[in-house]
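Residue numbers for the sequence shown, in the numbering used here: 2 to 230. Worksheet for the structure shown next.
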Amino acid sequence: MSNRAVLEVIALDAEDAVAAQTGGADRLELVTDMAADGLTPSCATFAEIRAAVDIPLRVMIRLADGFAAGDIDVLVARAHELRAAGAEEFVLGFLDPEGCPDLVAVERLVAELDGCHWTFHRAIDRAADRDALRKQLADLPGLDTYLTAGSPKGVDDGIPTLVAEAARKGEPGYEPRILVGGGLRLEHLPDLLAAGIDAVHIGGAARPHGWSGPVDAAAVQEWRTVLDA
Numbered sequence: 002m003s004n005r006a007v008l009e010v011i012a013l014d015a016e017d018a019v020a021a022q023t024g025g026a027d028r029l030e031l032v033t034d035m036a037a038d039g040l041t042p043s044c045a046t047f048a049e050i051r052a053a054v055d056i057p058l059r060v061m062i063r064l065a066d067g068f069a070a071g072d073i074d075v076l077v078a079r080a081h082e083l084r085a086a087g088a089e090e091f092v093l094g095f096l097d098p099e100g101c102p103d104l105v106a107v108e109r110l111v112a113e114l115d116g117c118h119w120t121f122h123r124a125i126d127r128a129a130d131r132d133a134l135r136k137q138l139a140d141l142p143g144l145d146t147y148l149t150a151g152s153p154k155g156v157d158d159g160i161p162t163l164v165a166e167a168a169r170k171g172e173p174g175y176e177p178r179i180l181v182g183g184g185l186r187l188e189h190l191p192d193l194l195a196a197g198i199d200a201v202h203i204g205g206a207a208r209p210h211g212w213s214g215p216v217d218a219a220a221v222q223e224w225r226t227v228l229d230a
């Protein structure tokens, strides 16, 4: 990755991936089933996308909508299969019923990933205590990013939290990069960039025709242009 701001785009298939890379995406998040807010794609889909583009791919590890881990053995098996297929970066994040990080699930998966880089996703926005969650996860190997809107309601409500957390960079639990996503719009970027946040994540914003249509390279390019300005 270069020093420019990171633009991560959700891709469902190889067509999405090629359009996103053409538009200037730095990295892709690979998921399936956006009706369930993004689940683990098949190894075949991963392989097709890996063959189509040469930018980094982060693969979602998630079995069902929501932030409960579900069957941990199945999660670990899926991670193992994807690792065997060549996946090197991942996205995951699970909470227990009290809104605390599900350390049993997360630690088992991290052990299976064996040092791979990974993102803790928007489960942080549903956590009972964001600061406590960050500190509980601080020593896990490979954790280099939090995907967050700063609020369960989205970036409109979350900007004060995002700015405050960015100001704590370097403190224990605040070393991972903040990757902003969740209702993110272009007009949010000036405030985020001014706060030192240098990574954004888009899904629907890259699809002018909604989730029923593909990623549009021109839409991605618009984000790239604003980030680079």
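Don't be surprised by glycine CBs; every beta carbon is placed ideally from N, CA and C.
Paired residues, beta bridge with residue i - DSSP
i, result
"Ala15", "None; Ala15 has no bridge partner."
"Val201", "Leu8, Val181"
"Thr1", "Since the first residue of the chain shown is 2 and the last is 230, residue 1 is not available in this structure."
Limits of the unbroken alpha helix (DSSP H) element including residue i
i, result
"Asp192", "190 to 195"
"Ile50", "44 to 53"
"His81", "73 to 85"
"Thr1", "A query on residue 1 cannot be resolved here, the shown segment of the chain reaching from 2 to 230 and no further."
"Arg63", "No alpha helix (DSSP H) contains Arg63, which DSSP labels as neither H nor E."
Contacting residues, own chain, Cβ-Cβ under 7 Å from residue i (five flanking each side not counted)
i, result
"Met2", "Residue placement at Met2 is flagged as unreliable, the pLDDT there being 44, under the threshold of 50; a coordinate-derived value is accordingly withheld."
"Gly184", "Ala150, Gly155, Val156, Asp157"
"Ala129", "Glu99, Gly100, Cys101"
For residue i, the nearest candidate out of the options (CA to CA)
i, options, result
"Leu138", "Ser213, Leu93, Lys154, Ala207", "Leu93"
"Gly204", "Ala45, Ala86, Trp224", "Trp224"
"Ile11", "Leu190, Ala196, Ala45, Ala220", "Ala220"
"Ala88", "Glu30, Gly39, Glu108", "Glu30"
"Pro42", "Gly71, Trp212, Val60", "Val60"
"Phe121", "Leu180, Asp130, Leu76, Leu194", "Leu180"
"Ala36", "Glu49, Ala167, Leu13, Leu141", "Leu13"
"Pro215", "Arg135, Leu8, Ala20, Asp199", "Ala20"
"Val54", "Leu64, Gly25, Val77", "Gly25"
"Ala80", "Asp66, Glu113, Leu64, Leu58", "Glu113"
Range covered by the beta strand (DSSP E) that runs through residue i
i, result
"Asp145", "144 to 149"
"Glu90", "90 to 93"
Close-in-space but distant-in-sequence residues of the same chain around residue i (CB under 6 Å, 5 per side omitted)
i, result
"Asp217", "Pro209"
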